[in-house]
Amino acid sequence: VQLQASGGGLVQAGGSLRLSCATSGLTFSNYIMGWYRQAPGKQRELVAVISRGGSITYTDSVKGRFAISRDNARNAVYLQMNSLNAEDTAVYYCSAQNGYSRITTWGQGTQVTVSS
10 VQLQASGGGL VQAGGSLRLS CATSGLTFSN YIMGWYRQAP GKQRELVAVI
60 SRGGSITYTD SVKGRFAISR DNARNAVYLQ MNSLNAEDTA VYYCSAQNGY
110 SRITTWGQGT QVTVSS
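Residue numbers (our numbering): 10 to 125.
Written out as structure tokens, the structure is:
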């Protein structure tokens, strides 16, 4: 199982970014897909997760600003991030959790930096 995250960068506060995570080596529809982030000096935290059936959970701080989606035909998951602020600055990781074994695989991370 391999995950490749992309789309990070430097953006001004109030701006938007769209993260993508391409996957390979898995039966994508069997996996719960998620985005996590880790800011300097902080623990990795859940940002959003989307189940195999499309149920979505967001952490409170991104509700109404971020949107996670998955494309089972393209084996990819996305994170649309709007109204970004400095607190969103972090390395963002995509994750794939096998819905049966519960084993989680992580991507390499993509840096998102929001300038105020």
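A virtual CB, placed ideally from N, CA and C, is assigned to each residue, including glycine.
query: Using DSSP with H/G/I as helix, E/B as strand and the rest coil, what is residue 107?; result: strand
query: In three-state DSSP terms, what is residue 10?; result: coil
query: Measuring alpha carbon to alpha carbon, tell me which residue in 46, 20 and 18 is nearest residue 116.; result: 46
query: Secondary structure at residue 48, three-state DSSP: helix, strand or coil?; result: coil
query: Which one of 88, 124 and 104 has the shortest CA to CA distance from residue 74?; result: 88
query: Need the endpoints of the beta strand (DSSP E) that residue 4 sits in, please.; result: Because the chain here runs from 10 to 125, residue 4 falls outside it and cannot be looked at.
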